[in-house]
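Report on one structure; see the data block that follows.
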Ligand code: GDP
Ligand code: IMO
Ligand code: MG
């Protein structure tokens, strides 16, 4: 049995898309299990760049079954755009399957996300993620299968829901609401176009696992954006952690053989919320410039800082990480000195475990160790031995601080710029 869960170990944008694409060459099936079009996964192949939001990063391999699981909230408009964009570039989507159980992101969810953001100030992507998951949990949401079956019961519930959402939009925010019939026509038309992709995806994934195929679960966002285990309330509304793969794909925990944590060689965050190692100086600027740290989905400048080993150890615990993929090591190439946070000072005491309260985290100051930089270009390295000694020492320090070994190291965005340690499949 070879099922690997790939998760972001920090606040998202760790390079999960690149690593998924790299591993997808060997995988038979790649499954997205949570999030929605808030995700932005970049894959670079030859001179082409693909930005994927809802479709798994395995789609560039025509033989790989790509699954959007029940845990993903589906914005049909964005999904159709993404399918069209890929098809126009000669990428087949015949290998794509979407769960009939996936909740649908409604236009009113996006509107409400945008309106609520004015006061909640989470810094969301305004893709309707929070409102859609809230309705799912509140049992007032709608699924892909509803839009296909179009039963009278669904239509009545949907009409009531549009009226309810209109009251929020019109009476609280004094903006224009939605017309029920127009919305129904629009959504059922989109569902019709997606019909050929819809399936009981849990069954497909189960069959793949039972047949001994290699299955990769591609997490979106990251551990610290998890609704339960992240820096609440500055989080997303799903479970990016490894446990989310079970509920979000409809598989049991006994199916999972390895958990790969994708960690950037430094730290970034988009949106609001505490970030202890954030840099506001020239080093931070340099990380942003060298790492091209601008959001794939919203274009916002990413906040940048040093690597935080407290976070990585927390990610090891919460996800049960068995392996690390360390990405963007090349971004550190020019630094004379590199820092790693190994603990937090809070009210005069040293914290070595990640605090549960975001306000406590905001009041923490990082305790650093310093390592000498290698100050040479590593973007052409293809083996671990080809990395300069000081770069290897940096990797080994991460392993020592977290107790987990690397399996992959990325030294550039392209497929070939990947150093393999242990084989995952
Ligand atoms: P994801 O959301 O985790 O998939 O990450 P994003 O795609 O949002 O952001 C990662 C960015 O870094 C993308 O533009 C990748 O092409 C790029 N990238 C990935 N790995 C590396 C690497 O090792 N070095 C460099 N320089 N860029 C990388
Ligand atoms: P990938 O998969 C980085 C952040 C938003 C905001 C918070 C809540 O590319 O790593 P949401 O729209 O989800 O309700 O926003 O979560 N966020 C991400 N940050 N990478 C992502 O995805 C993100 N998806 C959401 O910036 O702070
Ligand atoms: Mg991203």
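Numbering (the numbering used here), first residue to last: -17 to 407.
The beta-carbon is built from N, C-alpha and C at its ideal position, and this holds for glycine as well.
In this structure, residue 112 keeps its C-beta atom at 8 Å or more from the C-beta atom of residue 54.
Between residue 10 and residue 46, the beta carbon gap of about 6 Å places them in contact (Cβ cut-off 8 Å). In this structure, the alpha-carbon of residue 12 lies about 11 Å from that of residue 231. Note: residue -10 is bridge-paired with 244 in the DSSP secondary-structure output. DSSP, reduced to helix, strand and coil, places residue 81 within a strand of the structure shown. According to DSSP, residue 306 shares a beta bridge with 243, 388. Taking the CA atoms as reference points, residue 195 sits about 27 Å from residue 64. Cβ neighbours of residue 238 within its own chain (closer than 6 Å, five residues either side excluded): -15, -13. Relative to ligand 2, residue 214 has its C-beta separated by 7 Å or more from all heavy atoms.
Rounded to the nearest angstrom, the Cβ distance from residue 198 to residue 40 is 7 Å, consistent with a contact under 8 Å. The DSSP-derived three-state label of residue 74 is coil.
Exclusion of the five residues before and after residue 150 leaves 94 as the residues of its chain whose Cβ lies within less than 7 Å of its Cβ.
Around the beta carbon of residue 334, a 10 Å sphere encloses fewer than 16 other beta carbons of the protein chains shown; the residue is thus reported as exposed. In terms of side-chain proximity, the C-beta atom of residue 29 is found no nearer than 7 Å to any non-hydrogen atom of ligand 1. When rounded, the separation of the alpha-carbon atoms in residue 369 and residue 348 is 28 Å. Membership of residue 326 in the beta strand (DSSP E) is indicated by the continuous run 319 to 328. In the structure shown, the three-state DSSP call for residue 283 is strand. Burial state of residue 203 is buried, judged by a 10 Å Cβ sphere holding 16 or more other Cβ atoms. Taking residue 337 as the centre and dropping the five residues before and after it, the same chain places the C-beta of 343 closer than 6 Å to its C-beta, in chain order. The beta carbon of residue 190 is closer than 8 Å to those of 10, 11, 47, 197 in its chain, skipping five residues each way along the sequence. In this structure, residue 278 has its beta carbon less than 7 Å from a heavy atom of ligand 3. Assignment of residue 57 by DSSP, reduced to helix, strand and coil, places it in the coil class. It is roughly 11 Å from the alpha-carbon of residue 217 to the alpha-carbon of residue 103.
In this structure, residue 187 has its beta carbon at no less than 7 Å from each heavy atom of ligand 2. Within the chosen limit of 7 Å, ligand 3 reaches the beta carbon of residue -5 through at least one heavy atom. Pairing residue 172 with residue 59 gives a Cβ-Cβ distance under 8 Å. DSSP places residue 33 in the uninterrupted beta strand (DSSP E) bounded by 30 to 34. Look at the beta carbons and you see the region 117 to 132 touching the region 76 to 88: at least three pairs across the two are nearer than 8 Å. Residue 31 holds the alpha-carbon nearest to the alpha-carbon of residue 71 among 31, 377, 99, 286. Here the alpha carbons of residue 257 and residue 98 stand approximately 23 Å from one another. The residue among 330, 167, 193, 384 with its C-alpha nearest the C-alpha of residue 295 is 384. Taken through DSSP and simplified to helix, strand or coil, residue 184 comes out as helix. At least 8 Å separates the beta-carbon of residue 316 from that of residue 284. Around the CB of residue 363, 16 or more other CB atoms lie within 10 Å, so the residue is classed as buried. Under DSSP, residue 353 forms a beta bridge with 320. By the Cβ neighbour-count rule, residue 282 is exposed, with fewer than 16 other Cβ atoms within 10 Å of its own.
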